[in-house]
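Here's the structure, in structure tokens; my notes come after.
Residue numbers (our numbering): 301 to 576.
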């Protein structure tokens, strides 16, 4: 004998937030994965709630439609209103923020920001940093020259003056960095010289210092310790060419000899717009 299934009641969920509401949305989607047989689901978002009248209208609608209300409201007055309304009208109501904020405050004795959209701001910063890293990887070591004007800074210098480590360090702080190796036999494209407002930094060091680094590098790679790559006269020629390029690009010159990446980056950041 077949059992008749009861008519499934539609599940209605209201997401209410004083920001975009992504926190509650993620929690709800994570929860709903535990109910794979639920098919009739309606989710409505009410973002950027700015006053109590707006909030009351949403709560009234939730009561009429028998909806679950999930909130990520930072304002204490909003939360007090929501909890009171839910008790009075017996509507299913969950506040994702207040209890946890109070617990963290109690345990750590730190005061919360009570700032709407703090997660959104954090996410924006994260994606800006990822974008900067992707840009800096693409424009590392002279691989590309198109859209080089989008860079926050261009770093140029001969091999083994720390161009790539410095670029990646700054990219992790949210700066888009392009870098170009300077080789006398390879001309820099004209469009690089034509970029207006591009901040350029030239990295340099003494010939002997570069020769020692290149020698160690060659040995690490299993190459001959004596080669054109670490020949002192060759390095002097490269550095002379670099000086010419620095002048053409009006570059700020940084001697990276015995400097840490952090020191060089700190110096460059003084010339760039600070990343918030």
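Cβ atoms here follow ideal geometry from the backbone N, Cα and C, with glycine treated the same way.
Comparing alpha carbon positions, the residue from 471, 461, 333 and 492 closest to residue 509 is 461.
About 6 Å separates the Cβ atoms of residue 316 and residue 358, confirming a contact at the 8 Å cut-off.
Here the region 443 to 462 makes contact with the region 494 to 502; the two share three or more CB pairs at distances below 8 Å. When C-alpha distances from residue 531 are compared across 542, 522 and 518, the shortest belongs to 518. Annotation for residue 478: 439, 448, 451 and 454 place their beta carbon closer than 6 Å to its own, counting only its chain and skipping 5 residues before and after. With fewer than three CB-CB distances shorter than 8 Å, the region 350 to 364 does not count as touching the region 329 to 339.
Around the CB of residue 570, fewer than 16 other CB atoms lie within 10 Å, so the residue is classed as exposed.
Bounds of the alpha helix (DSSP H) holding residue 328 are 322 to 332. With distances taken between CA atoms, residue 389 lies nearest to 369 out of 375, 470, 485 and 369. Non-local C-beta neighbours of residue 349 in its own chain, meaning closer than 8 Å and more than five positions away in sequence, comprise 316, 317, 318, 355, 358, 373 and 378, ordered along the chain. The shortest CA-to-CA distance from residue 395 to any of 410, 325 and 311 is the one to 325. At a Cβ-Cβ threshold of 9 Å, residue 503 and residue 547 do not count as neighbours. With a 10 Å radius around the Cβ and a threshold of 16 neighbouring Cβ atoms, residue 436 comes out buried. The Cβ neighbour count for residue 380, taken over all protein chains shown within 10 Å, is under 16; the residue is labelled exposed.
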